[in-house]
Amino acid sequence: PGSYEDENKFQKKFGSSFIENIKSARGILKNDFRFKKFPFDEQYIEFILESGFEPIPREEGLVFEDIHLTDFSFERFFKSVKDLPPNPEWKYIEVTSKNSRNVELINDVYIYDKYVAIAIKRESTYYLTKIFLPILLILIISWSTFWINPREIESRITVSIVCLLSLIAYNFVVDKDLPRLSYLTLMDITILVSYFFSGIPVIQTVAVGALISKKRRLVESLDKIFRYLTPVAYFLILLSINLLVNYKDY
Numbered sequence: 025p026g027s028y029e030d031e032n033k034f035q036k037k038f039g040s041s042f043i044e045n046i047k048s049a050r051g052i053l054k055n056d057f058r059f060k061k062f063p064f065d066e067q068y069i070e071f072i073l074e075s076g077f078e079p080i081p082r083e084e085g086l087v088f089e090d091i092h093l094t095d096f097s098f099e100r101f102f103k104s105v106k107d108l109p110p111n112p113e114w115k116y117i118e119v120t121s122k123n124s125r126n127v128e129l130i131n132d133v134y135i136y137d138k139y140v141a142i143a144i145k146r147e148s149t150y151y152l153t154k155i156f157l158p159i160l161l162i163l164i165i166s167w168s169t170f171w172i173n174p175r176e177i178e179s180r181i182t183v184s185i186v187c188l189l190s191l192i193a194y195n196f197v198v199d200k201d202l203p204r205l206s207y208l209t210l211m212d213i214t215i216l217v218s219y220f221f222s223g224i225p226v227i228q229t230v231a232v233g234a235l236i237s238k239k240r241r242l243v244e245s246l247d248k249i250f251r252y253l254t255p256v257a258y259f260l261i262l263l264s265i266n267l268l269v270n271y272k273d274y
């Protein structure tokens, strides 16, 4: 081969053929990730695979009209991703791709590329069991002050303050497991809301101490209201924030 006539003779004799070039590579990918739904976030690892061939002028050899990454060869890439070893932090969901033709080159020859996106989802079990459940336990202990006799002001204030300080100290312990970002994630908002609801027993106990000598019945009514209103309000706020984040992609 070497001329256009030789190319035609080659096709008549051997038919249409293709050359497959198999290469393996390893590298570091950089993507823009969205952590606003952390720790329930899904990420897309996106990149473009280019064919990397240069067009061959007719006078120098055969002209390859469709130099591109074939679906046949790309099936191997799909299989390699699905066969990746399990990752304790991430779960592979799917791999999608599409062909796209790049700028037109000389002699009507194009360079083809393939857009690839690997969808992965974070395994959130660790964050639920190691971060959220301990926070919830501290909050439940803090809310138990609503069942203590209103006259036991010292006991109530001691329990509520100890719980608030424990929550603050625990946040410093788990801080290394949280991404440091310029915006608030779902977990950050959950921790801030937990701070607020951990401080409610302290404020309510101070109010009870000021009213117990004059309005005992009012104090008892306040305790009964806070016993049920506080946890219900806490979970409703978290649920509303979660729905808002998922609906608007925060």
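When you number the sequence shown by this note's numbering, it's gap-free, plus one each residue, and the end is 274. Beta carbons: idealized from backbone N, C-alpha and C, even for Gly.
Among the options, nearest to residue i - alpha-carbon criterion
i: V4; options: L246, F221, S222, Y219; result: The requested residue 4 does not occur in the structure, where the chain is confined to residues 25 to 274.
i: L191; options: V119, S166, I69; result: S166
i: K238; options: A143, I52, P174, I142; result: P174
i: V186; options: I172, V197, I162, E176; result: I162
i: F259; options: V119, V183, Q67, F156; result: F156
i: V269; options: E66, V140, L189, K122; result: E66
i: P110; options: A193, K145, R251; result: K145
i: N195; options: P158, S184, T120, I164; result: P158
i: I249; options: E113, I52, E70, W171; result: W171
i: K15; options: S168, S179, K115, V119; result: A question about residue 15 goes unanswered here, because the residues of the chain that appear run from 25 up to 274.
i: S222; options: L242, K154, T169, I69; result: T169
i: K115; options: S148, V140, A141; result: S148
i: S121; options: L160, I164, E70, P112; result: E70
i: N55; options: L253, I142, A193; result: I142
i: T153; options: S179, V198, I117, P255; result: V198
Residues that residue i bridges to, as DSSP identifies them
i: T120; result: A141
i: Y68; result: A143
i: K115; result: K145
Whole beta strand (DSSP E) elements within the stretch 139-218, 3-residue minimum | Taking only runs of at least 3 residues, no beta strand (DSSP E) segment lies wholly in the stretch 139-218.
Is it a yes or a no for the stretch 222-229 touching the stretch 195-214, going by three-plus beta-carbon pairs under 8 Å?
-> Touching, no.
Would you be able to state if there are at least three C-beta pairs under 8 Å between the stretch 209-219 and the stretch 52-64?
-> With three or more CB-CB distances shorter than 8 Å, the stretch 52-64 counts as touching the stretch 209-219.
Touch test, the stretch 212-223 against the stretch 258-269, Cβ-Cβ under 8 Å, three pairs minimum = At 8 Å Cβ cutoff, the stretches touch.
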